[in-house]
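Enquirer:
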Amino acid sequence: MQFKNKIVLVTGGSSGLGLAIAREMAEQGAHLIITGRQHDQLDEAVASLGSPTVAIAADVSCVSDLARLFSEVESLHGRIDVLVANAGMGEIASLGAITEASFERIFNTNVKGVTFTVQGALPLMAKGSSIVIIGSTASINPGSGLSVYGATKAALRALVRSWILDIKGSGVRINLLSPGPVNTESLKNMLSENAEQVIQSLSEKSTIGRIGEPQEIGRAVAFLASDAASYINGVELFADGGASQV
1 MQFKNKIVLV TGGSSGLGLA IAREMAEQGA HLIITGRQHD QLDEAVASLG SPTVAIAADV
61 SCVSDLARLF SEVESLHGRI DVLVANAGMG EIASLGAITE ASFERIFNTN VKGVTFTVQG
121 ALPLMAKGSS IVIIGSTASI NPGSGLSVYG ATKAALRALV RSWILDIKGS GVRINLLSPG
181 PVNTESLKNM LSENAEQVIQ SLSEKSTIGR IGEPQEIGRA VAFLASDAAS YINGVELFAD
241 GGASQV
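Numbering (full-length UniProt numbering), first residue to last: 1 to 246.
Next up, the structure:
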């Protein structure tokens, strides 16, 4: 699990879970490229990582942004050794209150964005490279109000199953890391005024008795991305304290 001199691209790497993943990679010697939509967050992330890090503003739901991103990466490094397709979003809306705009936002980021991120990165990836896509336990247990979000994460599982066949023999691995609830600001913001109560309920569902911490997800991603997992391909690894297993 060492990434010395590896070129690692983390989408949505300027805050929250993405930043924790980027920090884990940086601590293991990676040359980082992070993306995000907000310039100020990207600047703060670069300052905090303390590693050779390049920030490129990009919206993964915009194919032209992704084309520009990969053109810049190719000019800078000529390759990608590890891609972490982390950029994603969620909104709570129960059946009857789902809007077309919300549906499109979530699918465009979580499914379209991941699809064209992976497709755009592949030409820069050689044998031994690795892709880790960030899913969610919502793919199998979305809970009330998270049907659309959960559907996007279930779609990622189906995509990975097909993609490993599409690129069979390339030597590039694709795996899915699906966290349970993680202690991030984005989770608290999504839960709004009910955050404390819901987090307590989620903690009780975990066989470990708490929700996850961002750095724990970062380590799990690093494992799947590393040569330590060289014979692991096409899996969905749940990192949720055992909640999805009982």
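All C-beta atoms, glycine included, are put in the ideal place defined by N, C-alpha and C.
For residue 24, which three-state DSSP category applies?
Expert: Taking the first residue of the sequence shown as position 1, residue 24 is located at position 24. Reduced to three states, the DSSP call for residue 24 is helix.
Enquirer: Thinking residue 106 and residue 35 are a contact (beta carbons under 8 Å), I'd like their distance in whole angstroms, please.
Expert: As a first step, residue 106 must be located in the sequence shown, where it is residue number 106. As a first step, residue 35 must be located in the sequence shown, where it is residue number 35. Actually they do not touch by this definition, with Cβ atoms about 18 Å apart.
Enquirer: Ignore the nearest five residues each way along the sequence and tell me which others in residue 4's own chain have a CB closer than 8 Å to its CB.
Expert: By 1-based counting over the sequence shown, the position of residue 4 is 4. Excluding residues within five positions, the ones whose Cβ falls inside 8 Å are 28, 29, 30.
Enquirer: Tell me the start and end of each unbroken beta strand (DSSP E) in the segment 93-141 that is at least 3 residues and wholly inside, in chain order.
Expert: Listed in chain order, they are 130-134.
Enquirer: Which runs of the beta strand (DSSP E), 3 residues or longer, sit entirely within the segment 160-220?
Expert: You should have 173-179.
Enquirer: Taking the beta strand (DSSP E) that residue 31 belongs to, which residues open and close that run?
Expert: The residue you call residue 31 lines up with position 31 of the sequence shown. Counting along the chain, the beta strand (DSSP E) containing residue 31 begins and ends at 31-36.
Enquirer: Looking only at its chain, what residues have a beta carbon closer than 7 Å to the beta carbon of residue 112, apart from the 5 residues adjacent to it on each side?
Expert: Here residue 112 is taken as the residue at index 112 of the sequence shown, counted from 1. Contacts found: 61.
Enquirer: In its own chain, which residues sit with a C-beta less than 7 Å from the C-beta of residue 141, not counting the 5 before and 5 after it?
Expert: Here residue 141 is taken as the residue at index 141 of the sequence shown, counted from 1. Correct list, in chain order: 244.
Enquirer: So, do the segment 38-55 and the segment 4-21 have three or more beta carbon pairs nearer to each other than 8 Å?
Expert: At 8 Å Cβ cutoff, the stretches touch.
Enquirer: Using 7 Å as the threshold, is the C-beta distance between residue 7 and residue 79 below it?
Expert: Reading the sequence shown from its first residue, position 7 is the one you call residue 7. Reading the sequence shown from its first residue, position 79 is the one you call residue 79. Yes.
Enquirer: Do residue 181 and residue 156 come within 7 Å of each other at the CB atom, strictly closer than that value?
Expert: For the purposes of this step, residue 156 is taken as residue 156 along the sequence shown, with counting starting at 1. For the purposes of this step, residue 181 is taken as residue 181 along the sequence shown, with counting starting at 1. No, the Cβ-Cβ distance between residue 156 and residue 181 is not below 7 Å.
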